[in-house]
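Peer 1:
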Amino acid sequence: MNAADLDETYRSYIACLNRQDWPALGRFVHDDVVHNGRPLGLSGYRAMLEQDFREIPDLRFNIALLILDPPTIACRLTFDCTPAGKFLGLDVNGRRVSFCEHVFYAFHNGRIRQVWSLIDKTAIEAQL
């Protein structure tokens, strides 16, 4: 997968998340995906994302910085949203918060196989 194809695939993946088009998720995510060292598989990864959208109804993934080094991506995602209750163990309870997530993805055969993610919890704490 070259950089242009990787870029197009990743941007389509983010659009899929923002549409909550769960049936299409398998086009982008490997059946044996691992998230932060936890083997979730496609169904577990989908369940994790669905839970995120239940807890944060206005969740939207925004690409702030994207670095491509096929088959790897590094991305800074930004969020401006209102989690309904607890988020990352914090009592957000519908208050608007802005934060970033730093994510590394490893692709295998054109789909996301490994995800390493870190959310800037300190930024959220500072807003509460």
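Position one of the sequence shown corresponds to residue 2 (the numbering used here), numbered consecutively onward.
All C-beta atoms in this analysis are idealised placements derived from N, C-alpha and C, irrespective of residue type, glycine included.
In its own chain, which residues sit with a C-beta less than 7 Å from the C-beta of Met2, not counting the 5 before and 5 after it?
Peer 2: Excluding residues within five positions, the ones whose Cβ falls inside 7 Å are Pro71, Pro72, Phe108 and Gly111.
Peer 1: Does the region 17–30 come within contact of the region 81–97, defined as at least 3 CB pairs closer than 8 Å?
Peer 2: no
Peer 1: Quick one: what does DSSP say Gln52 is sitting in, helix, strand or coil?
Peer 2: Three-state DSSP puts Gln52 in a helix.
Peer 1: Roughly how many angstroms separate the alpha carbons of Arg97 and Ile113, rounded to a whole number?
Peer 2: 30 Å
Peer 1: Just tell me which of Val35, Val93, Val34 and Val116 has its CA closest to the CA of Lys122.
Peer 2: Val93
Peer 1: In the DSSP assignment, the beta strand (DSSP E) including Ile125 goes from what residue to what residue?
Peer 2: Ile125 -> not in any beta strand (DSSP E); alpha helix (DSSP H) instead, spanning Lys122 to Gln128.
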